[in-house]
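In what follows, a single structure is set out as C-alpha cells and then discussed.
Number of protein chains: 4
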Amino acid sequence: MRRLGILTSGGDCPGVNAVIRGAVLAGEIVHGCGFMGFRDGWRGLLEQDVVPLPRHSVRGISRRGGTILGTSRTNPLSHGGVDRVRAGFRRNGLDGLIAIGGEGTLAAARELCSQGLQVIGVPKTIDNDLGATDYTFGFDSAVQTATEAIDRLRTTGESHHRCMVAEVMGRNAGWIALHAGMAAGAHAILIPEHPVTLDQVAAWVMSAHGRGRAPLVVVAEAFTPTGQAAPYAPRGLDTFGRPRLGGIGRLLEEELQLMTGLETRATVLGHIQRGGEPTAYDRVLATRLGIAAVDAAANGRWGTMVALRGTDIVPVGLEEALGTLKLVPEERYLEAAVLFG
Amino acid sequence: MRRLGILTSGGDCPGVNAVIRGAVLAGEIVHGCGFMGFRDGWRGLLEQDVVPLPRHSVRGISRRGGTILGTSRTNPLSHGGVDRVRAGFRRNGLDGLIAIGGEGTLAAARELCSQGLQVIGVPKTIDNDLGATDYTFGFDSAVQTATEAIDRLRTTGESHHRCMVAEVMGRNAGWIALHAGMAAGAHAILIPEHPVTLDQVAAWVMSAHGRGRAPLVVVAEAFTPTGQAAPYAPRGLDTFGRPRLGGIGRLLEEELQLMTGLETRATVLGHIQRGGEPTAYDRVLATRLGIAAVDAAANGRWGTMVALRGTDIVPVGLEEALGTLKLVPEERYLEAAVLFG
Amino acid sequence: MRRLGILTSGGDCPGVNAVIRGAVLAGEIVHGCGFMGFRDGWRGLLEQDVVPLPRHSVRGISRRGGTILGTSRTNPLSHGGVDRVRAGFRRNGLDGLIAIGGEGTLAAARELCSQGLQVIGVPKTIDNDLGATDYTFGFDSAVQTATEAIDRLRTTGESHHRCMVAEVMGRNAGWIALHAGMAAGAHAILIPEHPVTLDQVAAWVMSAHGRGRAPLVVVAEAFTPTGQAAPYAPRGLDTFGRPRLGGIGRLLEEELQLMTGLETRATVLGHIQRGGEPTAYDRVLATRLGIAAVDAAANGRWGTMVALRGTDIVPVGLEEALGTLKLVPEERYLEAAVLFG
Amino acid sequence: MRRLGILTSGGDCPGVNAVIRGAVLAGEIVHGCGFMGFRDGWRGLLEQDVVPLPRHSVRGISRRGGTILGTSRTNPLSHGGVDRVRAGFRRNGLDGLIAIGGEGTLAAARELCSQGLQVIGVPKTIDNDLGATDYTFGFDSAVQTATEAIDRLRTTGESHHRCMVAEVMGRNAGWIALHAGMAAGAHAILIPEHPVTLDQVAAWVMSAHGRGRAPLVVVAEAFTPTGQAAPYAPRGLDTFGRPRLGGIGRLLEEELQLMTGLETRATVLGHIQRGGEPTAYDRVLATRLGIAAVDAAANGRWGTMVALRGTDIVPVGLEEALGTLKLVPEERYLEAAVLFG
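Residue numbers (the UniProt record's numbering), protein chains in the order written: chain U, 1 to 341; chain D, 1 to 341; chain W, 1 to 341; chain A, 1 to 341.
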C-alpha cells in the first residue's frame, strides 16, 4: 500500500479534520503510505481537484472545525459513475480510498466496492442515526453546543417566567434532542420516534409551571405532533433547498402560548450545532477512527467502515452497517421521560 | 440609611445578579443597611411582592445568568403611578430604591425622583445604546456569546463554500453587530446607523468570495437596506409581541443567494445572546455598579444613575443620562469597514 | 420501597449532582419513594447529619459542579463499623442506600451488603480506572478541561519555541493523559502503565522540534521514568497529605531542559480538572446512572453497582466490579503513540 | 509610506495576532502599504529573519492565540544596537516599524526614535500594568481564563469544606488578581500593592468559614505578606530563569492550613492564563490597536504608542507612556475589599 486517497462528503461535522489527521499520520508513520486529498468530496475525485497531504499539512488541525478538504453533496454514482471513479483511482495511482461521509457516501462506497474498487468508509453524521456504531463523531460536540445554548435560554425563561422552546437538529432521529434535553434538564423532549399530541406537550409545560419552574421544551426539527399534518416545513424543504426558519419550534411557540397562556419563545439553534471546535471526546473518537481506517486498508478490509463498539474501534461490513437508521429506542425515551414529571 | 429596596426590570441581561450581590454586600458590610427585593420589577413594588435579601441570599449569584428577583415590563407610572410607589416605599420602610433597568425604568426613576421619591438607577441593556456610560453590563457577554456562535458558523461556511449570515440583537443600535462582527472577522457588518444597499452587501460578499473566502455577514436585527421598505418584521412586532423569526437575516439569506448565486444560510442567534453566565468583564463591571449605587444612595445622590467612564464608576444625573440613544458613531463604523476589503 | 438514603464520598467529581438529581426524580416520580441525603459521605450516616431531599431540592443541580451533599473520606468500616451503619439505616427508616463513591466506598458497600444491609453503588472517579464500566462520569469533563488548558499551553509553546509539559491527574492509570494528550495532539504522552526512559522522552521532544514544532508533553502525575527512583512526590504524599507541587511535571521541566537544550515549562493543571460544570456527556451519563441506581434498588439488586456498557446502563455485582484497576491497555497506548512520530 | 515592518516581542499574550491582522489589512486596504514581518521579535530584525505579510497570510488569525511571527526577549539595544536596527530598516526598505511589546520594547522604540528611526509602539502585557492606556489587550482574556479556573476550584472547595488558594499572574501589579478575584467572588484578594499580614488573611478565611462558606483566596504571584521576608521565589527567579512552582500560593497553602486548621489547597494557574484564544473584547481592542498603529504611522506620529482611553484609541507619546507602572490604586482595592466581609 503506497498511496491512499481521502475525501470528506456531506454536511459539516466537528471532528472531520481529526479523522484526516489521524489517517495521514498513521499512514505516513506506521505504513509508509502517502495521501492525496480530494477537494469537496466526490467532486474532487471526479474532476481531479486534488492536493497532496504530507504530514505537515495536517498539523494542529484536529481541533479545527469544518474540513480542510472542503465538502459537497456530489454523488459519485450519478455523475458518470463507477467508471469515472475508477479513472480517478488510476490517474492518482491510488491503492485505496478513505471516504468520510454519511449514509449516501457509505452507500456509494459499498457500490464502488462491489465493482472492485477499494474503499474504506468512516461514518459521519452529527445526528448519530447510523447503525453499527455506538456513536458517530460530531454528535458529542453538537450535544455540548446545544446544551450550552439551552442553559442560556433557561436563565431567560426563569427571569421572565416564560416557556422556552429550543429546536435542535435531528432529521430522522431525536438523539441530539434526547441528550441535550436530558443534560439541560428539559421538562419535555420531543422526538420524531415518539410522537405525542400538542395537548400532552401543553400538559408537561403546565405541570412544570405548576411546580414554579420556567418550562423548557427541547424539540428535534423532525418532530411532528400526533394528529397534526405538518403545517410547517422541516429542514431542507425550502424553495432554495435551505432550512426553513418557520419549523416546528415556531409552531410550538404559537400553539403553546395559545394553549397555556404562558409567554413562549422559540429559538432555532441551527448551524451553530455543526460548526466549530470539536469536544475532546470527538477529537479522540475521530482520531482513532482515522487511524483505524488506515489499519483496515492495510489489512485489506475493503468494503468496511470503522465503528465504535463499547470502547473499541472495529471494522464493520458496509452491508451490515447500512440499511437501518438507528432511532432512539423506546426505553431510552421512557428513561428520559421519567424526568418530565 | 437603614433599608433600601431593589428591583430588576425589563429584558434579561447577564450581570444583573452581580449588581444585586454587589449592592447587598456593600449595603450590609459598609453601610449597615438592609435590603428588600421586589419580585418581577415594578410589579413587586406595586403589589407588595417582596422578599428580604440578607447577605446569605446573594451567595455565589454573581456568575448566574438571569435575575434572582425576576423581571417584568410593568411600568410603574401607568399602573396607578407615583402614589402607589410612594405607598410601597412607606409600607416597606424604604429609605430609597435601587432600580436596575433600561431606558423605561430610568425614565420612571427620574419621574419618581421629581416627585420626591429617592431612587438610584443602574443602567441595564445588552444593546449598549445608553448614553452617559462607556459600556453597559451584559453587552460584553452578549458580544462574547455571539462571537463564539459566529466562529462556529464560519467553519461551516468554509467547508461548504457558503455565504453565512448571522443576525444578532440590536433594536436601535448596532453595537453587538459591530463588536461581534469585528471580533469574528466578518466581511460585512450591517447596522441600522449606517444603511447600505443590498447591492453593496452583495458586492462585499462577492469580493470576499473572489479572494477565496467563505463570506461572513453579521447583521443587527434592526438593519434595513437602503431603498427597501422593510418587508420583514423586526424584533417585537409579531402578533403575540414575540420576536419574528423571519427578520432581516432571512431576507438577506434569500436576496444574497439570488444576487450572488452563492449558497447562503442565515442563523438568528436570538435569546442565547441574553442568557447564561456573564463574562468576567461583566461580573466585575456589574459588581462595581452595585457597590457604587449603594454609595450614591449613602451620599444622597438620588436621581442619578451609576455609569462607567474610562475605568471609573461615577454617578450621573438621570436628566443628563436619558434623552439620547448612544448610536455607533460614523468613525467607529468606518474603522470596522476597513476590514471588509 | 418507601425511603432511600443517598451519600457522596471521596474526591469531588463533575456529575455527582446529576446522579443525585436523577435518583431523586426517578425515586419520587416512578417509584413513589422519598430520599434522605447524608452530609459529607459516610460521616453523615454515622453522625446522623441528614437532610430530606424532596424534588424541589434538586432543581437545576445537574449542571453544578461539586456535590450538594458535601463529601469526606470517612470510611464507615473503620469508624464503628457495620453496626453504626445499621443503626443509621434503622433510625432513618431506610429501605436501602445509594452510595456514590470510588473504590473505597464500593468496597465498603460490598462489605455492608455481605452483612445484610441493602446498598447500591454508583462508581465515581475522574481517573476512569474502575473495571466493569466503560467510562466513569466526571472523566469526560476532566479530559475536556485538561484539553482546553493544553490547547492554551500550545500557543505559548509555539510563540516562544518552547517545550511545554502539562501534568494531569491519574493516580494509578493514565486515562486522562491518554485522552487529553490525543485530543490536544501531544508529541509525547507519559503514563504509569507504560514507563519509558527520559532519553526516550527527550528523543520524542527533539523529533517534534526537528519538524519545526513546539514539543508538547502530557504526563500523568503517577508516571515514573524507567530507571528513575522517584525523586519527586506524587499526589497525596506531602506532609500535610496535600498534592505536591514539585511532582513529575517539575522533574520533566528540569531534565528535558538539560537534555534537549530547549526552554521548557511545566504546568500542573491540578484541581481545575475535578471542579466545575460537567460536560453534557457527563450530565447524561450521571443522570442515567442515578435513575438506574433507583431502578436497581426497586428490583432488589442490592450489592450491585450501575455501570456503562456500550450505550447501556446495567447493574454489575460489586464482587465482579472491584478487585482490578482498569489500566490503559497496551494497544490503546500504542495507538496513541503512532502520533508521536 | 510604502512598506512597514512589524514584530512581536516579549511574553505571549492573547490578541497579538489580531493586532497583526488589523495592521496588515488597514495598511494594504487603506494606505496601499505592504508589510514585512520579523520573526521572533527584534532578533528577526537584527538577523534579517523576515517574511512578507500579504493580506492572505493574516486570514482568520485574530482568534488564534500566540503570535504567528514568534517572539523572543532579544533586546535590540544590547545586541549591536541602533546601527544594526538602522541597517535592518535600510535593507528591507522600511518606512517605519510597528513594534508590539511590553515595557522593554517600548523603551527600545523610544530610544530608536530618539536616534531618528521611525517606530510606533503597541503596548502588550497581560498584567495590565502599563500607564497611559486604560487596558492592555490580553488582560481581559487572562482574567476570563483565571475566573473560569477559579469557578472550578470553588466547587471543589465547597464539596470538601476546604480553603482554596488560586495563584494568578501579576509580576508587579495585582490587576489580574483584583478582577478575577472580584469576578469569582473571592473572600480575600492579595496583591503586591496592598500588603497585609498572614494573620489578616487567616482572619478573612475564618470569617468566610464562619459564615459557612468554603474560603477562596486569590493571590497575585508577586504578593508578599507584611513582615515576611519572601522565603519563596516569585516568577522568573528559578536557576533556569523559569517560573518557580513553590511560590506564594504554596506558602499560603502551608501557612493557612497551620493557622486556620482548615484543609487548604493551592493551584498555580500558570501559563494557561497567557495562551489560547482571545476573548471577543481583546480581539476588538487588539484589532483597533493594529489599525490605529498604521494610521499613526501614516500620519507621521512616530515615537508614539496607541492606547485605549475610554472608548477611543489614541496615540500617546512614548515619553509620557513609559516611566510609571500602573498599579492598582488604593480605592480600587478598597472597593473590592468591601466584599471580603
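Positions of the beta carbon are idealized from the N, C-alpha and C atoms, including for glycine.
Since this is a predicted model, take the numbers as computed values, not measurements.
{"Query": "Any chain A beta carbon closer than 9 Å to D/I291", "Result": "yes"}
{"Query": "Residues, ordered as in the chain, of the stretch 194-218 of chain D that lie near chain U by beta-carbon distance below 7 Å", "Result": "none"}
{"Query": "7 Å Cβ cut-off: residues of chain W touching U/H179", "Result": "A280, V284"}
{"Query": "D/C113 (DSSP reduced to helix, strand or coil)", "Result": "helix"}
{"Query": "Nearest to U/G65 (by Cα), restricted to the options U/A173, U/T267, U/G275, U/A214", "Result": "U/G275"}
{"Query": "Sequence-distant residues of the same chain with beta carbon closer than 6 Å to U/P76, five excluded per side", "Result": "W42, V85, A108"}
{"Query": "Cut-off 8 Å between Cβ atoms - residues of its own chain near A/G323, not counting five sequence neighbours on either side", "Result": "G131"}
{"Query": "For D/R332 and A/V284, the rounded distance between their alpha carbons", "Result": "11 Å"}
{"Query": "Segments assigned beta strand (DSSP E), at least 3 residues, entirely inside the stretch 21-45 of chain U", "Result": "34-38"}
{"Query": "Beta-carbon spacing of U/D134, U/P278 below 9 Å", "Result": "no"}
{"Query": "Those residues which DSSP pairs with W/V316 across a bridge", "Result": "W/M305"}
{"Query": "Chain A within 9 Å of D/P243, Cβ atoms only", "Result": "Any reading at D/P243 must be qualified, since the residue scores a pLDDT of 43, below 50, and its modelled position is unreliable; the value itself is stated next. Cβ-Cβ to chain A under 9 Å: no for D/P243."}
{"Query": "Chain-ordered chain U contacts of D/D12 [CB-CB under 8 Å]", "Result": "T155, T156, S159, H160"}
{"Query": "W/V16 at chain A interface by Cβ criterion, 9 Å", "Result": "yes"}
{"Query": "For A/N17, the nearest candidate out of A/M1, A/G101, A/R91 (CA to CA)", "Result": "A/G101"}
{"Query": "Residue-chain proximity (U/A149, chain D), Cβ-Cβ < 9 Å", "Result": "yes"}
{"Query": "Under 9 Å (Cβ pairs) to chain U, residues found in the stretch 258-271 of chain D", "Result": "L258, E263, T264, R265, A266, T267, V268, L269, G270, H271"}
{"Query": "Minimum Cβ-Cβ distance from U/S72 to chain D less than 9 Å", "Result": "yes"}
{"Query": "9 Å Cβ cutoff, U/A132 in contact with chain W", "Result": "no"}
{"Query": "Buried or exposed by the 16-neighbour rule on C-beta atoms within 10 Å, applied to U/D83", "Result": "exposed"}
{"Query": "Endpoints, beta strand (DSSP E) assigned at D/E47", "Result": "That residue, D/E47, is in no beta strand (DSSP E); it is neither H nor E in DSSP."}
{"Query": "Contacting positions in the stretch 24-39 of chain U - beta carbon closer than 8 Å to chain W", "Result": "L25, A26, I29, V30"}
{"Query": "Interface residues of chain D facing A/V338 [CB-CB closer than 7 Å]", "Result": "L25, A26, I29, V30, I291"}
{"Query": "Supposed contact pair A/G5 and A/L94 - C-beta distance, whole angstroms, cut 8 Å", "Result": "5 Å"}
{"Query": "Delimiting residues of the beta strand (DSSP E) encompassing W/E167", "Result": "163-168"}
{"Query": "Cβ of D/Q273 within 9 Å of any chain A Cβ", "Result": "no"}
{"Query": "Which of helix, strand or coil DSSP assigns to A/R2", "Result": "coil"}
{"Query": "Identified DSSP bridge partners for W/R265", "Result": "W/M164"}
{"Query": "Within 8 Å of chain U by C-beta, residues of the stretch 307-321 of chain W in sequence order", "Result": "R309, G310, T311"}
{"Query": "Proximal residues of chain D, C-beta to C-beta of A/E335 below 8 Å", "Result": "R288, I291"}
{"Query": "CA-to-CA distance, A/A188 to residue 345 of chain A, given in whole angstroms", "Result": "Examination of residue 345 of chain A is not possible in this model, given that chain A is present from 1 through 341 alone."}
{"Query": "Cβ contact (3+ pairs, closer than 8 Å) linking the stretch 161-168 of chain U and the stretch 139-153 of chain U", "Result": "yes"}
{"Query": "Buried versus exposed, by CB contacts within 10 Å (16 or more), A/P315", "Result": "buried"}
{"Query": "Proximal chain D residues relative to A/S143, where beta-carbon distance stays under 7 Å", "Result": "Residue identity differs from the one stated: residue 143 of chain A is Val in this sequence, not Ser. In chain order: A280."}
{"Query": "Own chain partners of W/S72 with C-beta closer than 6 Å, once the 5 adjacent residues on each side are dropped", "Result": "D40, G41, R43"}
{"Query": "C-alpha gap between U/A177 and U/G247, whole angstroms", "Result": "15 Å"}
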